[in-house]
Each structure stands twice: as C-alpha cells, then as structure tokens.
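Residue numbers (this note's numbering): 3 to 578. Note that beta-carbon positions come from the ideal geometry of N, C-alpha and C, so glycine has one too. Below: the structure, in structure tokens.
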DNA sequence: GCCGTTTTCGGCCCGACTGTTTTCAGTCG
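Here you go:
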C-alpha cells in the first residue's frame with residue numbers, strides 16, 4: 003500500500019459523494035487526499051509508530067478519515083469506498099479527467115448509457131448517443147470527443163522546463179507591444195511548479211480586442227477554445243492550453259493574486275479574509291460594498307494584515323500563518339548563485355568542452371564551476387578512472403592559468419560525479435578523491451533495493467570523509483521514474499551529522515530534492531547546492547528551476563553553499 | 001468529515017461560462 007493509493011481512494015470517495023449531492027464531505031475527503039499524497043512519511047509508518055492519534059495530526063485528517071486509513075492498513079480496503087463503487091461501478095477518476103465532465107455527468111452517462119470507462123464514453127459519443135440525453139446536446143458530445151483526444155494524447159501536464167522558455171518569450175513580446183501596458187504569466191508557471199497543466203497570462207490594455215488579436219498573431223494555435231471581449235483560450239500547436247485575460251488596471255493585484263493560486267492557498271486566504279469581515283475575489287478585496295486597495299498583490303496581503311507571500315510559497319503549507327506572524331523566510335533570489343557545482347563535459351557524456359562550459363558559465367555571471375564528469379562504473383559514458391581524472395586536472399590547471407592571465411575572476415574547480423556502489427563504497431580511490439575540490443556522490447545503479455538497504459548504502463557513502471555533495475538524492479525522473487526507496491529523514495539527519503551537502507538538482511526532469519525534502523533539510527540546518535547538472539552549455543541556465551525549487555522549499559540564500567563566495571564555499575567543503 | 005485569536009457546534013470560497021433551456025445545473029479555475 004502507498005500514500006498515493008490511499009489518496010486516490012479518498013478522492014474517489016469525494017467524487018462519489020458529489021454524485022449523491024452530499025454536502026461538505028467531498029471537500030473534506032479531497033483535502034485529506036491532497037495532504038496524504040504530498041506527505042513524505044508513509045501513513046503506514048505513522049500509524050505503526052503513533053497509531054490513530056498520529057494519523058489525526060495530518061492536516062485534514064480527523065477521527066473519521068483516520069479510522070478509514072486504519073481499516074485500509076489492516077484489510078487493504080475501505081468499505082465505504084467499496085460500497086459507493088458498487089452502486090456506480092465506473093472509472094470515475096478517468097472519466098472526470100475529461101474537460102467538461104464532472105460527477106453529475108458521470109452519473110447520468112452511467113444511468114442512461116451504462117458508460118463505465120473512457121472507451122465506453124468514446125463509443126457512445128461516436129455513435130451519437132450522448133446528444134439525445136436530457137441536458138446533453140450535440141455540442142457537449144463534440145466537446146467530450148475532443149476532451150478524450152487530449153487526455154489520450156498528452157496526459158495533461160508538462161515539465162516547467164519545457165513550458166517556461168516559451169512563456170517567457172511570449173510574455174516578453176506582449177510587454178513590448180504598445181497595445182499592452184502589462185503582461186504577466188500567472189498560475190502554476192508563476193508559482194514555478196515542477197509540472198504545468200496550462201498557462202494563464204494576464205494583461206492590462208486600453209484596447210482589449212486588438213490586444214487579443216495581437217496575442218493570437220504571436221502564437222501558432224491548433225484551436226481556439228473560446229474568445230470573448232476580455233478573454234481568449236487556445237490550444238497551441240505544441241499541444242498545451244493558454245488562457246489570456248484582460249484585467250482592469252485598478253484591480254490587477256487582486257486578479258493576479260487570484261489567478262496565481264494555488265487553489266488551496268486561495269481557499270485558505272479567502273476563508274481568512276471572510277473571518278476578518280472581508281470578501282476576496284478576482285474582482286478585489288471588499289469590506290461590505292467598499293473595495294479596499296488592490297491594485298497590487300502587496301496591497302491585498304497588506305490589507306489582510308499579513309506579509310507579502312512569494313508566489314512559490316502559495317501552496318497552503320503554512321505560509322498564511324507565517325505571513326500573519328511575519329515569520330516567512332527571505333527566500334533565495336533568482337540572481338544569487340555565484341557558482342555551479344555539477345557540470346558534465348565531453349570528457350564523458352556532456353556535449354561541450356570544459357572551456358566552452360566555463361566561458362558560458364562566466365557569461366551568465368558565475369564566478370566558479372565544478373567539472374564533475376562521471377566515474378569508472380558508468381562505463382557506457384566513458385566514466386573516468388583515476389588516471390583520466392589526473393589528466394583532466396592538468397587540463398583544468400591550464401585553463402585556470404589562462405583565466406588568471408586574462409585577469410578574469412573565474413575559477414574552474416576539479417570534481418567528479420562518483421558512483422555509489424551497491425555496498426555504499428565509491429568507485430574512485432580515496433587518494434584521488436582527496437585531490438579534488440568537489441566530490442559529488444550519486445546512485446546510478448541498483449535502484450531497486452529495499453528502503454533499509456538503500457538508506458544504509460547512501461549513509462555509508464556520505465560517511466566517506468571525501469564525499470562533499472550528495473547529487474540528486476532521490477533519483478527520481480519526473481513523469482518517468484519514481485524516487486528509489488530511501489528514508490529521506492535519515493539521509494537528512496546524516497547529512498547534518500557528516501556535513502554532507504544535499505543537492506537541489508535543477509535539471510528540468512529531476513528537480514531533486516523535491517520541495518518537501520528541501521524544507522526538511524532547511525529545518526534540520528543542512529546545507530544545499532543548487533546545480534544545473536548541465537550536459538551542454540545551454541543547460542547552465544537551468545539553475546533557475548533549481549532556485550525555484552529551493553524557494554518552494556522555503557530555502558534562504560545562506561542555505562545554498564553555491565550562493566556563497568568561493569573563499570567561503572571551498573573551505574566549507576574541505577572542513578568535512 | 002474537518003476545524004477553532006469570535007466556535008467542541010455550526011459553519012464550510014466565489015464567480016463566470018457553457019450548454020441546455022426560457023431560469024438553471026454543472027463545471028471550472
């Protein structure tokens with residue numbers, strides 16, 4: 003059993019209850035599902051060590067849901083869910099994934115046409131059976147068919163690293179237009195979530211119709227979902243959706259706040275606003291009929307009596323309470339990195355030379371980079387042995403001498419990405435590791451070990467006195483591979499004890515550590531390094547996604563060692 | 001079913017759009 007399975011059961015219960023028009027309970031189940039899914043500890047472990055009481059400490063979990071979790075752990079089933087499922091035996095999550103289909107439509111489709119799955123739905127729609135149902139029409143049928151296409155084709159979410167450059171370019175062009183006074187990407191892009199469902203762009207303009215036409219002229223789109231006086235919604239040729247909305251200047255802050263989300267943050271914020279006698283919506287913050295200042299987001303948060311909350315923190319993870327008490331962290335800024343401590347070159351599986359990588363890094367304002375090519379056991383990429391490392395060190399000395407000659411304040415550090423073997427030993431001899439400035443250690447093999455074995459494997463590697471940084475600590479690849487089984491609480495504890503730095507790998511499909519672990523590492527007082535893991539010069543810019551991840555994990559500048567100057571960073575590494 | 005600087009009972013976020021109907025339910029963000 004896993005948290006994910008349990009979360010999925012609870013969100014299905016929520017959907018079934020919505021079918022039956024049960025008031026309020028669906029939200030409760032949905033909320034519990036959300037927190038359980040993003041929980042780091044497994045509920046089973048919590049239950050084993052602390053029982054029902056422990057479960058009730060999970061936000062959104064009370065007596066009732068805690069008992070259902072207990073039932074699931076003991077029997078593998080939740081009888082309430084089984085009961086509901088028997089009544090309407092449909093794949094409710096799959097069906098409601100279709101845009102425009104919610105619980106009530108699922109109910110009607112099942113009642114009249116016995117639609118249980120996406121296949122059934124597609125068949126019914128193609129046969130033209132749906133248009134005949136009460137409250138359904140031809141258009142609904144068409145929309146269902148298109149929705150099915152989308153779900154089948156794209157699975158719905160995109161990596162931030164795929165979407166972000168596109169959005170950045172688009173917003174830049176919008177801003178440059180004399181038609182448009184302001185353009186901002188809101189939604190999950192602004193919050194820098196690791197994956198993006200769709201893109202929301204907000205603009206202010208004196209000529210909405212023309213601005214919308216201009217927007218359409220900038221992109222190639224496959225379909226216009228809808229176009230009105232102040233809003234347009236399209237599917238791009240690349241296959242994702244963009245909504246662009248025109249907002250009045252004077253309530254831009256309220257609108258931006260609203261459309262930035264997250265939904266959970268907004269729900270919480272609005273409930274708080276209401277408790278203080280306000281009403282908050284995308285049209286402003288109101289006290290009675292009177293609109294309170296809301297031209298900027300700062301105005302909105304200020305009027306509610308709290309500190310400004312950075313978009314990356316708006317996930318209902320305690321940020322509102324912290325803002326009220328004015329104890330939010332000063333999260334690390336996007337321009338604060340001085341160095342990059344994981345860079346691959348054409349000595350192994352990178353595309354570019356050491357010199358090319360160094361020059362590009364310097365042009366991005368970095369003051370130092372560590373060259374960390376793979377080591378011996380990664381034979382397929384030409385992993386380096388002791389001898390090859392020695393040769394590379396000579397090459398780096400030469401390049402550093404050249405920078406010095408040109409009076410450039412830039413330094414290439416000698417490093418390696420050393421493999422952690424199955425038993426926790428490293429694949430390079432200690433004498434060689436001792437000569438390197440930066441020793442990264444990482445797991446690249448034997449991913450399928452028990453949690454206990456994987457944890458002690460990594461702990462052993464961290465205890466090597468030469469091991470400086472644990473690279474991509476959980477090994478996950480977003481949308482491709484789950485993290486390996488590892489006890490991150492233990493790893494974080496050991497990182498603190500041994501002075502091992504934990505990496506926040508910024509490569510778009512890694513983003514590893516994840517934000518929940520970053521937050522734990524911050525709380526534990528661990529140091530982290532935000533690295534691009536570049537395998538080509540253009541990848542060096544990926545660090546912004548790592549910084550975003552660090553911000554989402556409430557990390558400050560002091561927490562990231564490569565935000566420190568070299569004179570402080572290097573002695574820190576060597577002090578281990 | 002959850003939750004508590006107004007509460008252990010009585011609340012629970014808000015508004016627009018769509019498609020189907022003629023006043024609104026369902027869905028979405």
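For residue 473, which of 345, 525 and 297 has the nearest alpha-carbon?
-> 345
DSSP on residue 378, reduced to helix/strand/coil?
-> coil
Mind checking whether residue 544 and residue 162 have CB atoms under 8 Å apart?
-> 8 Å or more divides the Cβ of residue 544 from the Cβ of residue 162.
For residue 254, does the count of other Cβ atoms within 10 angstroms reach 16, so buried, or fall short, so exposed?
-> Buried.
Residue range of the unbroken beta strand (DSSP E) whose run includes residue 342 = 341–345
Could you work out which residue in 4, 62, 81 and 33 is closest to residue 46 when comparing CA atoms only?
-> 4
Can you tell me whether DSSP reads residue 2 as helix, strand or coil?
-> What is shown of the chain runs 3 to 578, which leaves residue 2 out entirely.
In the structure shown, what three-state DSSP assignment does residue 348 receive?
-> coil
6 Å Cβ shell around residue 42 - same chain, five flanking residues per side excluded | 518
Opening and closing residue of the beta strand (DSSP E) in which residue 187 lies = 182–187
Cβ shell of residue 553 (< 8 Å), same chain only, five flanking positions each side left out | Only 194, 312, 314, 315, 333 and 334 meet the Cβ criterion.
Does the region 528–540 touch the region 284–291, meaning 3 or more C-beta pairs lie closer than 8 Å?
-> no
Return yes when at least one heavy atom of the ligand NAP lies under 7 Å from the C-beta of residue 49, else no.
-> What this structure holds is no ligand at all, so the ligand NAP is not there to describe.
Within the same chain, show all residues whose beta-carbon is closer than 7 Å to that of residue 82, passing over the 5 residues directly before and after it, in chain order.
-> Non-local beta-carbon contacts of residue 82 in its own chain, meaning distances under 7 Å to residues more than five positions away in sequence, involve 15 and 70 in chain order.
Inter-residue spacing [alpha-carbon to alpha-carbon] between residue 189 and residue 408 | 45 Å
Over what stretch of residues does the alpha helix (DSSP H) that includes residue 268 continue unbroken?
-> 265–277
Answer with buried or exposed for residue 1, where buried requires no fewer than 16 other C-beta atoms within 10 angstroms of its C-beta.
-> Outside the displayed span of the chain (3 to 578) sits residue 1, for which this structure offers no information.
What residue from 149, 514, 342 and 80 has the CA that sits closest to residue 478's CA?
-> 514
Note down, one range per segment and in chain order, each alpha helix (DSSP H) of at least 4 residues found wholly within the region 504–560.
-> Whole alpha helix (DSSP H) segments, 4+ residues: 517–526 and 545–554.
For residue 281, collect the residues of the same chain with a Cβ closer than 6 Å to its Cβ; drop the 5 residues on either side in sequence, then sort them by chain order.
-> 288
Note the first and the last residue of the continuous alpha helix (DSSP H) segment covering residue 72.
-> Unbroken alpha helix (DSSP H) run through residue 72: 65–77.
Indicate the three-state DSSP secondary structure (helix, strand or coil) for residue 55 in the structure shown.
-> helix
Look up residue 243 in the DSSP assignment and give the residues it is bridged to.
-> 237
Grab me the residues of residue 106's own chain with a C-beta within less than 7 Å of its C-beta, minus the 5 sequence neighbours each way, in chain order.
-> 21
What three-state label does DSSP hand residue 291 in the structure shown?
-> coil
Would you mind reading off the limits of the beta strand (DSSP E) that contains residue 171?
-> Where residue 171 is concerned, there is no enclosing beta strand (DSSP E), although the alpha helix (DSSP H) around it starts and stops at 162–178.
Could you please give the first and the last residue of the uninterrupted beta strand (DSSP E) stretch that includes residue 228?
-> Its beta strand (DSSP E) spans residues 223–229.
What is the rounded straight-line gap between the Cα of residue 79 and the Cα of residue 121?
-> Their Cα atoms are separated by approximately 27 Å.
Between the region 322–341 and the region 351–362, are three or more C-beta pairs nearer than 8 Å?
-> no
Opposing strand residues paired with residue 197 [DSSP bridges] | 161
How far does the beta strand (DSSP E) with residue 370 in it reach, from first residue to last?
-> Residue 370 -> beta strand (DSSP E) spans 370–373.
Please check the pair residue 425 and residue 459, which I expect to be a contact at CB under 8 Å, by giving their CB distance rounded to whole angstroms.
-> Between residue 459 and residue 425 the Cβ distance is about 7 Å, and since that is below 8 Å, they are a contact.
So residue 418 is in the beta strand (DSSP E); what residue range does that whole segment cover?
-> 413–421
Start and end residues, alpha helix (DSSP H) containing residue 44 = Run containing residue 44: none; DSSP gives neither H nor E here.
Could you round the C-beta distance between residue 179 and residue 223 to whole angstroms and report it? I think they count as a contact, below 8 Å.
-> Not really, about 18 Å apart at Cβ, beyond 8 Å.
Quick one: grab the DSSP three-state call for residue 248.
-> strand
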